[in-house]
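**Student:** Below you will find the structure I want to go over with you.
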Ligand SMILES: [Mg+2]
């Protein structure tokens with residue numbers, strides 16, 4: 001979880017009018033994993049869901065997601081200028097990516113939410129807030145800075 005977007009706030013407005021946006025809390029990662037697993041079993045698709053196939057399918061979905069943004073230029077946070085139809089389409093493609101990611105994690109026996117929490121903790125060590133706040137430098141650019149001072 002790193003975000004090194006545009007350093008110029010004017011070129012990357014983050015005030016989308018919904019600063020408190022949150023996901024709904026009624027569905028867990030485990031709920032999604034179980035639903036996707038059942039979906040595949042009911043169709044006898046488990047046989048095709050090898051890690052490699054799932055990875056390639058997910059990359060294909062990332063391509064579909066990218067197409068939505070292609071040629072649009074920079075997009076405002078909260079996508080206030082998009083039609084409801086385009087927002088629904090975006091949600092569908094984001095979901096396709098997530099569904100394959102969850103299925104891939106299951107097939108590799110990776111506890112994805114636990115791994116994500118661990119990775120956030122690692123990133124916090126790599127990017128200490130007091131050292132990197134407001135900067136988009138990569139962690140390697142900070143290494144050794146303490147000794148230079
Ligand atoms: Mg798709």
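In full-length UniProt numbering, the protein residues as written are 1 to 149.
Where is the CB? At the ideal position from N, CA and C, for every residue including glycine.
Predicted model, so just to flag it, every value in this text is computed and none were measured.
Quick one: is the Cβ of residue 96 within less than 6 Å of any heavy atom of ligand 1?
**Tutor:** Along the chain shown, read from residue 1 onward, the residue named residue 96 stands at position 96. Residue 96 Cβ: within cutoff of ligand 1.
**Student:** Between the alpha carbons of residue 48 and residue 40, how many angstroms are there, rounded?
**Tutor:** On the chain shown, position 48 is the one that residue 48 refers to. On the chain shown, position 40 is the one that residue 40 refers to. If I take the Cα positions, the gap works out to 9 Å.
**Student:** I'd like to know whether the C-beta atoms of residue 105 and residue 94 end up nearer to each other than 7 Å.
**Tutor:** Counting from one through the chain shown, the residue named residue 105 turns up at place 105. Counting from one through the chain shown, the residue named residue 94 turns up at place 94. Taking 7 Å as the Cβ cut-off, residue 105 and residue 94 do not qualify as a contacting pair.
**Student:** Would you say residue 125 and residue 97 are within 7 Å of each other, going by their C-beta atoms?
**Tutor:** Translated into positions along the chain shown, residue 125 becomes position 125. Translated into positions along the chain shown, residue 97 becomes position 97. Contact: no.
**Student:** What are the boundary residues of the alpha helix (DSSP H) that residue 23 is part of?
**Tutor:** Taking the first residue of the chain shown as position 1, residue 23 is located at position 23. Taken as a continuous stretch (DSSP letters only), residue 23 belongs to no alpha helix (DSSP H), as it is neither H nor E.
**Student:** Taking only runs of the alpha helix (DSSP H) that begin and end inside the region 66-143, which ones reach a length of at least 4 residues, in chain order?
**Tutor:** Correct list: 84-107, 112-126, 129-132.
**Student:** Should residue 100 and residue 54 be called a contact, given that it needs their Cβ atoms to be closer than 7 Å?
**Tutor:** For the purposes of this step, residue 100 is taken as residue 100 along the chain shown, with counting starting at 1. For the purposes of this step, residue 54 is taken as residue 54 along the chain shown, with counting starting at 1. In this structure, residue 54 lies closer than 7 Å to residue 100 by Cβ.
**Student:** What is the DSSP secondary structure of residue 49, counted as helix, strand or coil?
**Tutor:** Along the chain shown, read from residue 1 onward, the residue named residue 49 stands at position 49. If DSSP states are grouped into helix, strand and coil, residue 49 belongs with coil.
**Student:** When the distance is taken between beta carbons, is residue 103 closer than 7 Å to residue 36?
**Tutor:** Here residue 36 corresponds to residue number 36 of the chain shown, with the count starting at 1. Here residue 103 corresponds to residue number 103 of the chain shown, with the count starting at 1. The answer is yes: Cβ separation under 7 Å.
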